[in-house]
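In our numbering, the protein residues as written are 95 to 590. Contents: one structure, followed by commentary.
Below, the structure written as structure tokens:
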């Protein structure tokens, strides 16, 4: 029993920021460059993650050259909060960013972001695409984070080629397949900009932190026709797991307003089978389109002989649902939305073609990159350095990872917050009243039981909330206690 308790305590330590790991700099490379590739709304629909229909040879190649994290999780499954947590190394309750219209500088005016840390240490920090997300186009650019103003921000994700499909100030159609070259849409233009920027860095001999943020596969699913032609829509159809999660509280679901706002989509969740086929087809076409752009950027690194001293990080800001669980898009604490793709290639450190099952959070990226570059991080970050895992992919990560989502999804502060912890085998979610902290609902999913969760292709899908099942009393009580400890230590909330 004593040994079991020691093992549990050792595992629990891994759920907390590791000050020793953050401070250690013995792994630092020789002033490495960093290329930080973010892909908007990308779930693990990649060949390297086992999604067989996905045609992603370039990202698969990157995975073959680096370390793929099989169990990486975001902190909130929507663009703004997820990105801010990664880029500040702080949890959403610290940044106070729970929506796309909050700005972290309103709360943390003096926070040093990840690119800002590199800029402050002599790097040229530059970005293109949507890095931060907030209520104000200028404020969200966060100029103090960068050496020069960001490029190609605008409304990149709403880029239409065919005028009839564009909604102007409103949303247009939900997908488009124009017969154009890659740079007919904005991600092709962005890849060209990245190539030109890398060539400039090489010519000037600059150390750089370059954030390249692709807009797709964010809605609308617009991509050149040749990428749509890669897929047979019939091969992308769901075979099961299409109904709502049994026993899940209503607040576990979102309002459907993201997809429902498009001109050719129903305002409610009643997406027809034909519309569902088209949407899934469009999503995968966009993934392949972005994969091709990633390939161009990676080929440029090699051509310029920059790859030997450049860290590459490729990540999606959150997961996504494509009809599974009777829902679309993001905005929940379910596995499809919180699990994210993360691939890291570090010359001389990561072993090519390796996969880690270590559970990690996005706040861990900031201290990891700082550790690799030998930079001192600000005090009080919520993440831990992953350098030990980069060096030995067999090492364990966190015992539990923390995600959350606010209801309703509108500023300034939530009325309800759903906190969710994911362990190796279970997910426990608690919905609380924000003002009074009263527990409104609970969820418990057992990923080892087909009655509670199933695999749909390469994805784990919840099917049954078992929190009230008497067979799970001990598991429920254990996870309740674990969440109490995590919330107290990491969010400063009182246990319930």
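We put the CB at the ideal spot given by N, CA and C, even for glycine.
Here's the rule: buried if 16 or more other CB atoms are within 10 angstroms of the residue's CB, otherwise exposed. What is residue i?
i	result
residue 493	buried
residue 558	buried
residue 464	buried
residue 357	exposed
residue 470	exposed
residue 489	exposed
residue 518	exposed
residue 582	exposed
residue 139	buried
residue 333	exposed
residue 349	exposed
residue 266	buried
residue 115	Below a pLDDT of 50, predicted positions are generally treated as unreliable, and residue 115, at 43, falls in that range; the measurement from the model is reported next regardless. Buried: at least 16 other Cβ atoms inside 10 Å.
residue 461	buried
residue 473	exposed
residue 514	buried
residue 264	exposed
residue 351	exposed
residue 421	buried
residue 364	exposed
residue 384	buried
residue 455	buried
With which residues is residue i paired in a DSSP beta bridge?
i	result
residue 540	520
residue 436	163, 409
residue 218	302
residue 422	416
residue 189	Answer by DSSP bridge pairing: none, since residue 189 is not bridged.
residue 130	305, 407
residue 549	554
residue 270	316
residue 389	None, per the DSSP bridge assignment.
residue 340	558
residue 512	499, 525
residue 576	Note: residue 576 sits in no beta bridge, so no partner.
residue 245	222
residue 449	162
residue 535	525
residue 459	None; residue 459 has no bridge partner.
residue 454	166
Smallest Cα separation from residue i: which of the options?
i	options	result
residue 566	241, 441, 536, 585	536
residue 347	188, 414, 496	414
residue 527	547, 502, 385	502
residue 238	223, 352, 212	212
residue 450	473, 491, 416	491
residue 520	504, 543, 423	543
residue 284	221, 318, 335	221
residue 169	497, 322, 307	497
residue 252	223, 244, 243, 241	223
residue 268	330, 310, 448	310
residue 236	197, 432, 216	197
residue 329	166, 244, 375, 420	375
residue 327	359, 574, 446, 367	367
residue 292	459, 399, 421, 452	399
residue 591	436, 298, 385	Nothing about residue 591 can be reported from this structure: the residues present for the chain run from 95 to 590 only.
residue 335	556, 574, 214, 577	556
In its own chain, which residues sit with a C-beta less than 7 Å from the C-beta of residue i, not counting the 5 before and 5 after it?
i	result
residue 270	254, 255, 256, 259, 314, 316
residue 227	173, 174, 177, 194, 234
residue 554	429, 541, 547
residue 476	111, 183, 184, 185, 188, 457, 584
residue 552	138, 143, 144, 145
residue 444	160, 161, 438, 484
residue 370	417
residue 392	152, 156
residue 274	255, 318
residue 378	139, 147, 148, 325, 330
residue 261	357
Going along the chain, which residues of its own chain have a beta-carbon closer than 6 Å to the beta-carbon of residue i, five neighbours each way excluded?
i	result
residue 545	558
residue 500	192, 508, 511
residue 402	441
residue 149	324, 382
residue 305	130, 221, 225
residue 295	302
residue 523	427, 512, 514, 537
Leaving aside the five residues before and after residue i along the sequence, list all residues of the same chain whose C-beta is less than 8 Å from its C-beta, in chain order.
i	result
residue 562	341
residue 529	509
residue 569	520, 538, 540
residue 214	206
Hey, is residue i close to the ligand FMN, as in C-beta under 8 Å from one of its heavy atoms?
i	result
residue 412	With respect to small molecules bound, the structure shown includes none, and the ligand FMN cannot be examined in it.
Worksheet entry | Cβ pair count under 8 Å reaching 3, the stretch 129 to 145 against the stretch 393 to 413 | Under the 8 Å Cβ criterion, the stretch 129 to 145 counts as touching the stretch 393 to 413, having at least three qualifying pairs.
Worksheet item: How about the stretch 267 to 279 and the stretch 150 to 161: do they share at least three Cβ pairs that are nearer than 8 Å?
Response: Cβ pair count under 8 Å is below three, so no.
Worksheet item: Contact between the stretch 477 to 487 and the stretch 200 to 215: three or more CB pairs below 8 Å?
Response: Counting Cβ pairs under 8 Å, fewer than three are found: no touch.
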